[in-house]
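The block underneath contains the structure these notes are about, expressed in structure tokens.
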Amino acid sequence: MTTTAIAVSGLRKTFGDKTVLDGIDFEVPAGTVFSLLGPNGAGKTTTVNVLTTLIKADSGTVRVAGNDVATDAKSVRSAIGVTGQFAAVDELLTGRENLQLMVDLSPVPAKDGKRIVTDLLERFDLVESADKSAATYSGGMRRKLDLAMTLVGNPRIIFLDEPTTGLDPRSRRTMWTIIRELLADGVTIFLTTQYLDEADELADRIAVLNKGKLVAEGTPEELKRQIPGTHVRFRFASFDDLDVAAGIMPESTRDDDALTLRVPSDGGTKSVRALLDRLDEHSLDAEEFSVHTPDLDDVFLALTGHDTAEVVAK
Ligand SMILES: Nc1ncnc2c1ncn2[C@@H]1O[C@H](COP(=O)(O)OP(=O)(O)OP(=O)(O)O)[C@@H](O)[C@H]1O
């Protein structure tokens, strides 16, 4: 049976006269990863703050783990874990002490505390540095410790606000592995990120926030299908060659300045060969050709590079 971990309906939030969230709706099924994408200042952190009871919405309803954030914030808080952009790690304490502090603050029975701390240090590969002060940790280690601290109370829903911003590629991958392990344990993950590849890699569903509205929502594949598809791009040596090529490929779009031609195609070897044969029949040679598959970057640009109203109207 699928249950809903997070249900948001008509969520609005303004700061002064600035409307940050202008009526957004979405649902997150339990045990899935939902990623909220959006440019800087789009309102991602504001959404996380409302969902995690840190700030109150102006209107709309938000239920997390079946509880209303406005009327039952306490139950919501006991069901969730939050790892923010500004880590909760206390730099003056060691990794072990930071984790123990979380145990002391949580309703976890004291007798289980030591085991939980040891388990988390092992799981996050922090045993060797466990007794060093967190100030000496690298960015990646600090993020891992922050996430480990979040897991002390065994939350079923975890909010990760830009968990890998500023991390090197290797630490990002380690974080992704940890996130996948959490998912395998049945945890629901709400992830905000600026990295489209991260959302592509991890998310079951993605919502794109722009100017206070959700301008798209779907699986990564669904979002990619929304924008012009795969195509082959040819670059020619001269305007004349481009002109002839455009004539024999009427389905193409040309860029006279770049001397390129963009031809819709599934990008498979058969169809690319057929296109090259067509050029060959007219004794035309392309200087260069490449197959281009839309990725989430293209989706993001297409959706947020325009005014929201325009995108929605399409
Ligand atoms: N407490 C506040 N008071 C006034 N304005 C605020 C407050 N919090 C956020 N804002 C404004 O709301 C807008 C959305 O901010 P938010 O932090 O939610 O965006 P974001 O999508 O998380 O951006 P980023 O990717 O930069 O973290 C911004 O214009 C911000 O300046």
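Each residue of the sequence shown is one higher than the one before, counting from 67 in the numbering used here.
Think of the CB as a built atom: it goes at the ideal place given N, C-alpha and C, for glycine as much as any other residue.
- For ARG181, the closest C-alpha among the options PRO173, GLN166 and LEU171 is that of GLN166.
- ASP307 sits buried, since 16 or more C-beta atoms from the chains shown fall within 10 Å of its C-beta.
- Distance from the C-beta of PHE81 to the nearest heavy atom of ligand 1 is below 7 Å.
- Note that the C-beta distance between LEU77 and LEU87 is below 8 Å.
- The continuous beta strand (DSSP E) containing SER125 extends over residues 125-130.
- C-alpha of GLU194 to C-alpha of ALA154: approximately 21 Å in a straight line.
- Here the alpha carbons of ASN220 and LEU171 stand approximately 13 Å from one another.
- The closest heavy atom of ligand 1 lies 7 Å or more from the beta carbon of GLY147.
- Within the segment 324-351, the complete beta strand (DSSP E) runs of at least 3 residues fall at 326-330.
- With respect to the C-alpha of THR326, the residue from THR335, VAL357 and ASP332 having the closest C-alpha is VAL357.
- Around the C-beta of ARG162, 16 or more other C-beta atoms lie within 10 Å, and the residue is accordingly described as buried.
- Its chain contains LEU262 as the residues whose beta carbon lies nearer than 6 Å to that of ASP363, once the 5 sequence neighbours on both sides are disregarded; these appear in chain order.
- The three-state reading of DSSP puts ILE121 in coil, since its state is none of H, G, I, E or B.
- Between ARG299 and HIS348, the alpha-carbon positions lie close to 18 Å from each other.
- Per the coordinates, the alpha-carbon of THR230 lies some 8 Å from the alpha-carbon of THR259.
- At least one heavy atom of ligand 1 lies closer than 7 Å to the C-beta of THR112.
- As DSSP reads the structure, PRO95 sits in a beta bridge with THR70.
- With a minimum length of 4 residues, the unbroken runs of alpha helix (DSSP H) contained wholly in the segment 155-219 fall at 161-171, 176-189 and 205-216.
- Pairing ARG271 with ILE255, the inter-Cα distance amounts to about 11 Å.
- GLY82 carries a coil assignment under DSSP once its states are collapsed to helix, strand and coil.
- Annotation: GLY104 is outside any alpha helix (DSSP H) and is labelled neither H nor E by DSSP.
- Residues THR296, HIS297, VAL298, SER337, VAL338, LEU341 and VAL357 of the same chain have their beta carbon placed closer than 8 Å to that of SER331, with the five preceding and five following residues left out of the count.
- Within the same chain, LEU268 come within 8 Å of ARG246 by CB-CB distance, once the 5 residues on both sides are set aside.
- DSSP links GLU283 through a beta bridge to ALA273.
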